[in-house]
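Chains as they are written, first to last, in the numbering used here: chain S, 178 to 398; chain W, 291 to 681. Take a look at the structure below.
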């Protein structure tokens with residue numbers, strides 16, 4: 178499903194070349210569940226930005242489902258992100274002035290879906306993450322764990338091939354974090370979505386089928 | 291999508307209420323100034339038409355002022371020969387205007403007394419409420435005609451001057467033979483007709499001994515060149531008068547002069563409008579730049595979940611559009627209220643120029659959206675990684 182080959186990323190920081198990724202290669206089959214571990218500064222976020230089509234590598238090739246995604250224009254990348262990838266961020270970022278179902282429906286709205294259909298899909302996905310009753314509430318009314326579930330529902334509502342989660346439990350207490358991990362596992366099993374979790378927490382990483390460590394710009398597993 | 295975009299834009303504006311109000315204010319004042327400018331123009335045009343509707347635009351007036359107190363001035367004959375001597379003038383009526391106190395049953399008023407001839411009314415075309423105007427046979431009779439406003443102000447104890455009443459004008463007792471229908475104030479007339487007393491030239495000289503001719507009103511022939519007539523008439527009368535300054539004015543010139551004055555006013559309002567609109571536009575730009583900065587992370591998330599650049603641009607343009615439309619709508623109200631105030635202060639009729647509200651609103655909406663483009667563009671061009679890192 179995901180095929181990265183020879184990915185390098187070099188930043189030019191104050192005249193000094195910084196090699197963040199050095200020839201990273203990775204193949205992940207569809208429906209797998211992978212954790213990426215790494216200390217701070219190991220290039221986790223850069224790696225995720227490249228996998229998530231938010232950033233382009235300096236060198237290397239990247240295919241999703243056999244499609245070369247590096248040649249695309251910014252708007253095409255936006256469409257690919259919208260269709261192929263669901264993001265869950267550490268900061269639980271929801272649109273504060275949209276209610277819960279509108280937040281979840283947002284990717285579908287950007288896809289150009291009619292409001293009625295988008296709402297139906299959003300409410301179905303909310304029910305799946307256990308928030309069927311909260312569709313009309315506003316983000317500040319929910320707890321951190323509930324908001325992370327909303328973010329997961331938003332990531333999955335467009336039926337992406339890949340769910341990318343950057344420290345999805347970083348802001349949650351251990352009990353809630355475990356609930357979210359259980360949810361990831363259920364969704365991975367039921368929807369056959371490829372789940373990639375980037376974390377620094379070994380307990381979280383251990384719950385994934387495949388565990389990788391990012392060190393010195395390459396993946397070790 | 292569009293509906294949701296506008297719902298969000300509205301919610302964002304409400305969340306930053308203070309800033310929104312400030313940006314709104316600029317657009318509002320700009321729109322109001324532009325609308326007031328257009329509408330005051332319409333009010334002034336309407337007023338000009340109204341002022342000259344009764345008497346027409348072919349009226350001309352002559353002001354005769356003595357340079358020395360013992361100047362001989364113009365003789366009656368000099369004025370009466372004008373229609374023969376000056377082509378383009380069909381009729382002319384001399385006036386001798388002075389002040390006098392008028393008393394009716396113990397109520398005294400100071401007002402203007404005009405000595406006129408029988409030629410006056412055919413030129414000025416006044417209607418009478420009661421009675422008749424001064425005729426050629428009334429030269430030596432102590433008869434007067436009074437304006438409606440004067441009649442009203444002299445009324446006392448339920449008694450008001452009517453035809454047949456006796457008035458004391460200066461030192462003489464006059465019999466009222468006519469009361470004039472109220473007329474619009476006409477800037478061409480040497481006195482306020484509604485508040486005046488009209489007597490024969492001979493009687494005017496009795497009331498104010500040594501009273502000279504002070505003015506004349508006339509009519510232009512159809513198709514006469516007003517500027518040319520004015521020049522010839524002034525030269526002719528100046529050649530007849532001794533130690534006398536003659537100035538001639540035609541209604542057409544006066545209208546042109548008023549239009550010129552209005553233009554100054556219009557330009558002033560226009561300048562205020564432009565300045566306010568630019569300030570309003572900068573206000574819109576400012577609030578939106580702040581909004582873009584504050585919402586970088588939100589923009590990043592939107593880009594991450596599949597928003598295209600134009601989706602982001604639309605979101606911010608929607609905010610600018612909402613501000614501009616609200617500002618423009620309120621501006622229509624304020625602009626019309628302002629021009630109403632102008633009309634009320636000038637004692638002019640209030641009219642609404644149907645083109646003013648849409649034009650003013652259109653211009654200010656265009657300005658608001660124009661100034662919204664740059665921040666919206668900036669937001670749309672944000673690098674999603676940079677934007678996401680901002681939090």
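We put the beta carbon where it would ideally sit given N, CA and C, even for glycine. Keep in mind it's a predicted model, so treat the numbers as computed, not measured.
- Apart from the 5 residues on each side of it in sequence, residue 458(W) sits with its Cβ closer than 6 Å to the Cβ of 393 in its chain, given in chain order.
- Taking the Cα positions, residue 342(S) is about 59 Å away from residue 644(W).
- Your pair residue 610(W) and residue 580(W) does not check out as a contact, with CB atoms roughly 13 Å apart and the cut at 8 Å.
- Residue 603(W) does not reach chain S, its nearest Cβ partner there being about 12 Å away, counting only Cβ pairs nearer than 7 Å.
- Partner residues in the beta bridge of residue 238(S), as assigned by DSSP, are 182(S).
- Listed in chain order, the beta strand (DSSP E) elements of length 3 or more contained wholly in the segment 512-550 of chain W are 534-540.
- Distance from the CA atom of residue 364(S) to the CA atom of residue 187(S), rounded to whole angstroms, is 35 Å.
- The beta carbon of residue 197(S) sits closer than 8 Å to those of 186, 187, 188, 220, 223 and 394, all from its chain and outside the five residues before and after it, given in chain order.
- Proximity of the segment 248-266 of chain S to the segment 295-310 of chain S falls short of the contact definition, fewer than three beta-carbon pairs being nearer than 8 Å.
- With a threshold of 16 other beta carbon atoms within 10 Å, residue 226(S) meets it and is buried.
- Secondary structure of residue 273(S) (DSSP, three-state): coil.
- The residue among 545(W), 608(W), 556(W) and 669(W) with its C-alpha nearest the C-alpha of residue 343(W) is 545(W).
- Taking the Cβ atoms as the reference, residue 333(W) lies roughly 6 Å from residue 638(W), within the contact range of under 8 Å.
- Within the model, the alpha-carbon separation for residue 552(W) versus residue 415(W) is close to 28 Å.
- Contact check between the segment 434-442 of chain W and the segment 456-476 of chain W: three or more CB pairs, one atom from each, fall below 8 Å, which counts as touching.
- The bridge partners DSSP lists for residue 384(W) are 506(W).
- Against chain S, the beta carbon of residue 613(W) has no neighbour under 7 Å; the closest one sits roughly 16 Å away.
- Taking 9 Å as the CB threshold, residue 474(W) stays off the interface with chain S.
- A straight line joining the alpha-carbon of residue 377(W) with that of residue 510(W) spans about 9 Å.
- For residue 571(W), same chain residues with a beta-carbon under 6 Å away, outside a window of 5 residues either side, are 657 and 661 in chain order.
- If you check the CB distance, residue 594(W) and residue 361(S) do not come in under 9 Å.
- One thing to note: residue 564(W) has its Cβ within 9 Å of the Cβ of residue 320(W).
- Ranking 423(W), 447(W), 406(W) and 383(W) by CA distance to the CA of residue 395(W) puts 447(W) first.
- Excluding the 5 residues flanking it on each side, residue 566(W) has same chain C-beta neighbours closer than 7 Å at 316, 319, 320 and 323, in chain order.
- Of all residues in the segment 583-600 of chain W, those with a C-beta nearer than 9 Å to a C-beta of chain S are 587, 588, 590, 591, 592, 593, 594, 595, 596, 597, 598, 599 and 600, reading in chain order.
- Secondary structure remark: continuous beta strand (DSSP E) runs of at least 3 residues inside the segment 577-641 of chain W: none found.
- Residues 181, 246 and 247 of the same chain have their beta carbon placed closer than 6 Å to that of residue 239(S), with the five preceding and five following residues left out of the count.
- Relative to residue 518(W), the option among 672(W), 367(W) and 379(W) whose CA is nearest is 379(W).
- Look at the segment 274-292 of chain S: the residues with a C-beta under 8 Å from a C-beta of chain W are 274, 275, 279, 283, 284, 286, 287, 288, 289 and 292.
- Between residue 304(W) and residue 605(W), the alpha-carbon positions lie close to 15 Å from each other.
- A distance below 8 Å between beta-carbons, with the five flanking residues on each side excluded, links residue 463(W) to the following residues of its chain, in chain order: 432, 456 and 457.
- Around residue 337(S), the same chain offers 260, 261, 262, 263 and 370 as residues with beta carbons nearer than 8 Å, after the five sequence neighbours per side are excluded.
- Listed along chain S, no residue sits closer than 8 Å to residue 610(W) by beta-carbon distance, the nearest being about 17 Å off.
- Excluding the 5 residues flanking it on each side, residue 332(S) has same chain C-beta neighbours closer than 7 Å at 263, 264, 265 and 340, in chain order.
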